[in-house]
Amino acid sequence: MHKNKKTYLSILDILVRFGSLFCICFMIVLFVGIVGVIFFQGFGALNLDLFNWQYNVENLSLLPALINSLILVCLSLMLALPLGVACGIYLAEFARKSWIIATMEIFISTLSGVPSIVFGLFGYLVFTIFCGFGFSLLSGVLTLFMMILPLIIKTTQEGLKAVPIAYKEGGLALGASRIYVVFHLLLPSVKREISSGVMLAVGRILGEGAALIFTAGTLAEIFSSMFSSGRSLSVHLYALLIEGLYTPQAYATASVLVLLAIVFSVFSGLIKK
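The opening position of the sequence shown corresponds to residue 3 in the working numbering, with each subsequent residue numbered one higher.
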(Lines of atoms letter the chains of each structure in order from A; the text may use other names.)
(Lines give C-alpha, C1' and ligand atoms only; values in the text may rest on other atoms or scores of the structure.)
Protein backbone atom coordinates (compact mmCIF):
# COMPACT_ATOMS: atom_id res chain seq x y z
CA MET A 3 0.00 0.00 0.00
CA HIS A 4 2.78 2.38 0.96
CA LYS A 5 4.73 1.47 -2.19
CA ASN A 6 1.69 2.13 -4.42
CA LYS A 7 1.16 5.53 -2.79
CA LYS A 8 4.80 6.43 -3.30
CA THR A 9 4.61 5.41 -6.97
CA TYR A 10 1.44 7.48 -7.40
CA LEU A 11 3.10 10.54 -5.89
CA SER A 12 6.16 10.10 -8.12
CA ILE A 13 3.96 9.92 -11.24
CA LEU A 14 1.97 12.93 -10.06
CA ASP A 15 5.19 14.87 -9.47
CA ILE A 16 6.41 14.04 -12.99
CA LEU A 17 3.07 15.11 -14.50
CA VAL A 18 3.08 18.39 -12.59
CA ARG A 19 6.65 19.13 -13.63
CA PHE A 20 5.91 18.27 -17.25
CA GLY A 21 2.72 20.36 -17.21
CA SER A 22 4.52 23.36 -15.73
CA LEU A 23 7.35 23.08 -18.26
CA PHE A 24 4.86 22.74 -21.11
CA CYS A 25 2.96 25.86 -20.00
CA ILE A 26 6.19 27.87 -19.69
CA CYS A 27 7.39 26.79 -23.14
CA PHE A 28 3.96 27.45 -24.65
CA MET A 29 3.88 31.00 -23.24
CA ILE A 30 7.43 31.69 -24.47
CA VAL A 31 6.60 30.43 -27.96
CA LEU A 32 3.35 32.41 -27.98
CA PHE A 33 5.08 35.62 -26.87
CA VAL A 34 7.96 35.23 -29.31
CA GLY A 35 5.53 34.38 -32.11
CA ILE A 36 3.27 37.38 -31.56
CA VAL A 37 6.11 39.87 -31.01
CA GLY A 38 8.12 38.34 -33.85
CA VAL A 39 5.28 38.71 -36.36
CA ILE A 40 4.64 42.31 -35.29
CA PHE A 41 8.33 43.25 -35.47
CA PHE A 42 8.87 41.40 -38.76
CA GLN A 43 5.94 43.16 -40.41
CA GLY A 44 6.40 46.48 -38.62
CA PHE A 45 10.13 47.14 -38.90
CA GLY A 46 9.99 46.64 -42.64
CA ALA A 47 7.36 49.39 -42.91
CA LEU A 48 9.18 51.89 -40.70
CA ASN A 49 10.55 54.95 -42.45
CA LEU A 50 11.40 58.55 -41.66
CA ASP A 51 8.02 59.79 -42.91
CA LEU A 52 6.34 58.02 -39.98
CA PHE A 53 8.30 60.25 -37.58
CA ASN A 54 7.46 63.63 -39.06
CA TRP A 55 6.42 66.26 -36.55
CA GLN A 56 3.02 66.79 -38.19
CA TYR A 57 0.60 64.15 -39.42
CA ASN A 58 -0.94 64.25 -42.88
CA VAL A 59 -2.49 61.76 -45.31
CA GLU A 60 0.81 61.37 -47.14
CA ASN A 61 3.23 60.57 -44.31
CA LEU A 62 0.75 59.03 -41.78
CA SER A 63 3.18 60.08 -39.06
CA LEU A 64 2.93 58.26 -35.73
CA LEU A 65 5.13 60.75 -33.86
CA PRO A 66 2.23 62.95 -32.62
CA ALA A 67 0.45 59.85 -31.30
CA LEU A 68 3.67 58.62 -29.65
CA ILE A 69 4.20 61.95 -27.88
CA ASN A 70 0.54 62.00 -26.84
CA SER A 71 0.86 58.50 -25.36
CA LEU A 72 3.87 59.56 -23.27
CA ILE A 73 1.98 62.64 -22.08
CA LEU A 74 -1.01 60.50 -21.09
CA VAL A 75 1.22 58.04 -19.21
CA CYS A 76 3.04 60.77 -17.26
CA LEU A 77 -0.03 62.80 -16.29
CA SER A 78 -2.12 59.76 -15.37
CA LEU A 79 0.63 58.35 -13.15
CA MET A 80 1.21 61.75 -11.54
CA LEU A 81 -2.42 61.65 -10.38
CA ALA A 82 -2.89 57.95 -9.66
CA LEU A 83 0.43 56.90 -8.11
CA PRO A 84 0.48 59.13 -4.97
CA LEU A 85 -3.23 58.68 -4.30
CA GLY A 86 -3.16 54.95 -5.05
CA VAL A 87 -0.20 54.28 -2.76
CA ALA A 88 -1.74 56.43 -0.01
CA CYS A 89 -5.06 54.57 -0.23
CA GLY A 90 -3.27 51.22 -0.23
CA ILE A 91 -1.32 52.20 2.90
CA TYR A 92 -4.49 53.34 4.64
CA LEU A 93 -6.43 50.16 3.83
CA ALA A 94 -3.55 47.87 4.85
CA GLU A 95 -2.24 49.62 7.96
CA PHE A 96 -4.66 52.18 9.37
CA ALA A 97 -8.23 51.25 8.43
CA ARG A 98 -10.24 49.42 11.06
CA LYS A 99 -12.00 46.32 9.87
CA SER A 100 -15.66 47.10 9.27
CA TRP A 101 -18.34 46.45 6.70
CA ILE A 102 -17.59 49.82 5.11
CA ILE A 103 -13.92 48.93 4.53
CA ALA A 104 -14.89 45.44 3.34
CA THR A 105 -17.36 46.93 0.88
CA MET A 106 -14.75 49.43 -0.32
CA GLU A 107 -12.25 46.62 -0.97
CA ILE A 108 -14.89 44.73 -2.98
CA PHE A 109 -15.53 47.85 -5.05
CA ILE A 110 -11.80 48.34 -5.68
CA SER A 111 -11.38 44.72 -6.78
CA THR A 112 -14.42 45.00 -9.04
CA LEU A 113 -13.22 48.23 -10.65
CA SER A 114 -9.86 46.61 -11.43
CA GLY A 115 -11.63 44.23 -13.80
CA VAL A 116 -14.18 46.56 -15.37
CA PRO A 117 -13.81 46.71 -19.20
CA SER A 118 -12.22 49.89 -20.50
CA ILE A 119 -15.21 50.68 -22.69
CA VAL A 120 -17.28 51.18 -19.52
CA PHE A 121 -14.75 53.70 -18.22
CA GLY A 122 -14.79 55.34 -21.64
CA LEU A 123 -18.57 55.68 -21.58
CA PHE A 124 -18.47 57.09 -18.04
CA GLY A 125 -15.69 59.52 -18.98
CA TYR A 126 -17.63 60.60 -22.06
CA LEU A 127 -20.83 61.25 -20.11
CA VAL A 128 -19.20 62.91 -17.08
CA PHE A 129 -16.03 64.65 -18.25
CA THR A 130 -16.71 65.24 -21.94
CA ILE A 131 -20.41 66.15 -21.73
CA PHE A 132 -21.42 67.03 -18.16
CA CYS A 133 -18.24 68.85 -17.10
CA GLY A 134 -17.88 70.43 -20.53
CA PHE A 135 -14.24 69.41 -21.07
CA GLY A 136 -15.05 68.04 -24.53
CA PHE A 137 -12.69 65.71 -26.37
CA SER A 138 -9.53 66.79 -24.60
CA LEU A 139 -6.38 65.72 -22.82
CA LEU A 140 -8.02 66.47 -19.48
CA SER A 141 -10.95 64.15 -20.18
CA GLY A 142 -8.57 61.39 -21.27
CA VAL A 143 -6.27 61.76 -18.26
CA LEU A 144 -9.13 61.73 -15.76
CA THR A 145 -10.60 58.62 -17.36
CA LEU A 146 -7.25 56.82 -17.33
CA PHE A 147 -6.74 57.95 -13.74
CA MET A 148 -9.95 56.17 -12.74
CA MET A 149 -8.90 53.06 -14.64
CA ILE A 150 -5.45 52.58 -13.09
CA LEU A 151 -6.17 53.85 -9.57
CA PRO A 152 -7.79 50.57 -8.32
CA LEU A 153 -4.87 48.60 -9.74
CA ILE A 154 -2.25 50.62 -7.85
CA ILE A 155 -4.31 50.56 -4.66
CA LYS A 156 -4.66 46.78 -4.80
CA THR A 157 -1.00 46.05 -5.51
CA THR A 158 0.15 48.36 -2.72
CA GLN A 159 -2.33 46.91 -0.23
CA GLU A 160 -1.49 43.28 -1.04
CA GLY A 161 2.23 44.05 -0.92
CA LEU A 162 1.97 45.58 2.54
CA LYS A 163 -0.07 42.64 3.80
CA ALA A 164 2.69 40.27 2.66
CA VAL A 165 5.43 42.07 4.65
CA PRO A 166 6.45 39.99 7.72
CA ILE A 167 4.83 41.26 10.92
CA ALA A 168 8.29 41.27 12.57
CA TYR A 169 9.20 44.38 10.55
CA LYS A 170 6.39 46.34 12.13
CA GLU A 171 6.79 44.90 15.61
CA GLY A 172 10.56 45.49 15.60
CA GLY A 173 10.18 49.13 14.57
CA LEU A 174 7.48 49.82 17.15
CA ALA A 175 9.48 48.04 19.86
CA LEU A 176 12.41 50.37 19.21
CA GLY A 177 10.20 53.39 19.83
CA ALA A 178 9.52 54.44 16.24
CA SER A 179 6.16 55.99 15.46
CA ARG A 180 3.65 54.15 13.31
CA ILE A 181 4.06 56.65 10.49
CA TYR A 182 7.85 56.21 10.56
CA VAL A 183 7.51 52.41 10.49
CA VAL A 184 5.16 52.55 7.50
CA PHE A 185 7.21 54.95 5.40
CA HIS A 186 10.74 53.88 6.36
CA LEU A 187 10.36 50.12 6.96
CA LEU A 188 7.23 48.75 5.30
CA LEU A 189 6.96 50.88 2.18
CA PRO A 190 10.56 50.28 0.99
CA SER A 191 9.90 46.56 1.37
CA VAL A 192 7.06 46.65 -1.18
CA LYS A 193 8.73 48.79 -3.83
CA ARG A 194 8.85 45.77 -6.16
CA GLU A 195 5.10 45.24 -5.81
CA ILE A 196 4.42 48.94 -6.40
CA SER A 197 6.71 48.93 -9.43
CA SER A 198 4.85 45.93 -10.81
CA GLY A 199 1.54 47.72 -10.30
CA VAL A 200 2.89 50.80 -12.06
CA MET A 201 4.08 48.68 -15.00
CA LEU A 202 0.65 47.07 -15.30
CA ALA A 203 -0.89 50.54 -15.23
CA VAL A 204 1.52 51.79 -17.92
CA GLY A 205 0.72 48.78 -20.08
CA ARG A 206 -2.99 49.42 -19.73
CA ILE A 207 -2.56 53.10 -20.63
CA LEU A 208 -0.42 52.34 -23.69
CA GLY A 209 -2.82 49.71 -24.95
CA GLU A 210 -5.94 51.69 -24.19
CA GLY A 211 -8.03 52.70 -27.18
CA ALA A 212 -11.73 52.40 -26.43
CA ALA A 213 -11.77 54.79 -23.47
CA LEU A 214 -9.62 57.42 -25.20
CA ILE A 215 -11.70 57.51 -28.37
CA PHE A 216 -14.65 58.74 -26.31
CA THR A 217 -12.65 61.16 -24.15
CA ALA A 218 -9.36 62.37 -25.68
CA GLY A 219 -10.65 62.12 -29.24
CA THR A 220 -8.97 61.03 -32.48
CA LEU A 221 -7.38 64.24 -33.77
CA ALA A 222 -3.93 63.44 -35.21
CA GLU A 223 -2.11 66.29 -33.50
CA ILE A 224 0.04 66.73 -30.41
CA PHE A 225 -1.84 68.00 -27.38
CA SER A 226 -1.37 71.76 -27.25
CA SER A 227 -3.19 72.26 -23.94
CA MET A 228 -5.24 70.39 -21.38
CA PHE A 229 -8.37 71.15 -23.39
CA SER A 230 -7.04 70.15 -26.83
CA SER A 231 -7.86 66.87 -28.55
CA GLY A 232 -5.40 64.21 -29.71
CA ARG A 233 -4.95 60.51 -30.32
CA SER A 234 -2.74 57.96 -28.61
CA LEU A 235 -0.72 55.24 -30.34
CA SER A 236 -3.43 52.63 -29.80
CA VAL A 237 -6.10 54.96 -31.24
CA HIS A 238 -3.77 55.78 -34.14
CA LEU A 239 -3.35 52.05 -34.78
CA TYR A 240 -7.11 51.55 -34.71
CA ALA A 241 -7.66 54.45 -37.10
CA LEU A 242 -5.17 53.02 -39.61
CA LEU A 243 -6.59 49.51 -39.47
CA ILE A 244 -10.25 50.49 -39.70
CA GLU A 245 -9.65 52.26 -43.01
CA GLY A 246 -8.15 49.08 -44.44
CA LEU A 247 -5.68 50.93 -46.66
CA TYR A 248 -2.69 51.37 -44.36
CA THR A 249 -1.94 47.90 -42.99
CA PRO A 250 1.89 48.24 -43.25
CA GLN A 251 1.76 51.55 -41.36
CA ALA A 252 -0.49 49.91 -38.77
CA TYR A 253 2.08 47.15 -38.25
CA ALA A 254 4.79 49.81 -37.92
CA THR A 255 2.73 51.58 -35.27
CA ALA A 256 2.14 48.29 -33.45
CA SER A 257 5.88 47.53 -33.43
CA VAL A 258 6.64 50.96 -31.94
CA LEU A 259 3.91 50.42 -29.33
CA VAL A 260 5.28 47.01 -28.32
CA LEU A 261 8.83 48.35 -28.27
CA LEU A 262 7.72 51.21 -26.03
CA ALA A 263 6.11 48.75 -23.61
CA ILE A 264 9.33 46.68 -23.53
CA VAL A 265 11.37 49.82 -22.81
CA PHE A 266 9.10 50.71 -19.89
CA SER A 267 9.36 47.14 -18.58
CA VAL A 268 13.17 47.17 -18.73
CA PHE A 269 13.25 50.60 -17.09
CA SER A 270 10.99 49.32 -14.30
CA GLY A 271 13.33 46.35 -13.78
CA LEU A 272 16.29 48.70 -13.43
CA ILE A 273 14.40 50.74 -10.84
CA LYS A 274 13.65 47.57 -8.86
CA LYS A 275 17.35 46.71 -8.76
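Positions of the beta carbon are idealized from the N, C-alpha and C atoms, including for glycine. Source: prediction; values computed, not measured.
Check: Should threonine 105 be labelled buried (16 or more other beta-carbon atoms within 10 Å of its own) or exposed?
Finding: It is exposed - the Cβ of threonine 105 has fewer than 16 other Cβ atoms within 10 Å.
Next item on the list: State the Cα-Cα distance for the pair arginine 206 and phenylalanine 229, rounded to the nearest angstrom.
Entry: If you draw a straight line from the Cα of arginine 206 to the Cα of phenylalanine 229, it is about 23 angstroms long.
Note to self: For glycine 209, which residues in the same chain have their Cβ closer than 7 angstroms to its Cβ, ignoring the five residues on either side in sequence?
What the structure shows: Answer for glycine 209: Ser236, listed in chain order.
Next item on the list: Counting only the same chain and skipping the five closest in sequence on each side, list residues whose C-beta sits under 8 angstroms from that of phenylalanine 147.
Entry: Excluding sequence neighbours, phenylalanine 147 sits near Ser78, Leu81 and Ala82.
Next item on the list: Please classify lysine 193: is it buried, with 16 or more other beta-carbons within 10 angstroms of its beta-carbon, or exposed?
Entry: Counting Cβ neighbours within 10 Å, lysine 193 comes out exposed, since fewer than 16 surround it.
Check: How do the region 85-105 and the region 249-262 stand: do at least 3 beta-carbon pairs fall below 8 angstroms, yes or no?
Finding: Taking 8 angstroms as the limit for Cβ pairs, the verdict is that the region 249-262 does not touch the region 85-105.
Next item on the list: Work out the CA separation of proline 190 and leucine 162 for me, nearest whole Å.
Entry: Rounded to whole angstroms, leucine 162 to proline 190 spans 10 angstroms at the Cα level.
Note to self: Closer than 8 angstroms is the cut-off here; do at least three beta carbon pairs connect the region 115-132 with the region 167-178?
What the structure shows: Contact fails between the region 115-132 and the region 167-178, because fewer than three Cβ pairs, one in each stretch, are under 8 angstroms apart.
Check: With distances taken between CB atoms, is the gap from leucine 64 to leucine 52 smaller than 9 angstroms?
Finding: In contact: leucine 64 and leucine 52 (Cβ atoms closer than 9 angstroms).
Notebook entry, point to check: Within 10 angstroms of its Cβ, does threonine 112 collect 16 or more other Cβ (buried), or is it exposed?
Noted result: Flag for threonine 112 reads exposed.
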